[in-house]
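Structure first, commentary second.
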Amino acid sequence: MKNYIQVLTTVPSVDEGIGLARSITSHRLAAGVQIVGPIRSFYWWRGELRDEQEWQLVIMTTRVLFDALEAHIKANHSYETPEIIATEITAGSEDYLAWISAETRRIDAS
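Just so we're aligned, residue 200 is where the sequence shown starts under the numbering used here, counting upward by one.
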């Protein structure tokens, strides 16, 4: 199952989240993207503690697409340093993982 990953990023608005999710899926960099939020984020940025409302994108894809997905997020994100974290999916529903496989094969065939 090491082929499957879930990538997280956060954005400052639901509109940016929708735009980025559409862009990621239309460029076939993931089988799907979920937008969660709003969430409240506390973090340090340039020596200042920030308290912001954000939306989280949960991106289902494969490891082979990570580099292209990371580059796409960086090129289309409003943050100077966007959160981009990939977590290996170590177990999951066979049907769900088959769906990711089917969609990423379509991506590879594009």
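Ideal Cβ positions, reconstructed from N, Cα and C, are used throughout, including at glycine.
These numbers were taken from a predicted model, which means no experiment stands behind them.
{"Check": "Buried/exposed call for V210, threshold 16 Cβ in 10 Å", "Outcome": "buried"}
{"Check": "Range of the contiguous alpha helix (DSSP H) that encloses W221", "Outcome": "It should be pointed out that residue 221 corresponds to Arg in this sequence rather than to Trp. V213 to S225 is the extent of the alpha helix (DSSP H) around R221."}
{"Check": "T232, buried or exposed, once every other Cβ within 10 Å from all chains shown has been counted against 16", "Outcome": "Before going on, a small fix: residue 232 reads as Val here, not Thr. With 16 or more Cβ atoms within 10 Å of its Cβ, V232 is classed as buried."}
{"Check": "Cβ pair L268, L296 closer than 7 Å", "Outcome": "no"}
{"Check": "Contact belief for I258 with V213 at Cβ below 8 Å, rounded distance in angstroms", "Outcome": "Going by Cβ atoms, the distance from I258 to V213 rounds to 16 Å, so no, they are not a contact pair."}
{"Check": "Residue interval of the alpha helix (DSSP H) (run including E269)", "Outcome": "F265 to N275"}
{"Check": "Length of the line joining the Cα atoms of S292 and Y203", "Outcome": "12 Å"}
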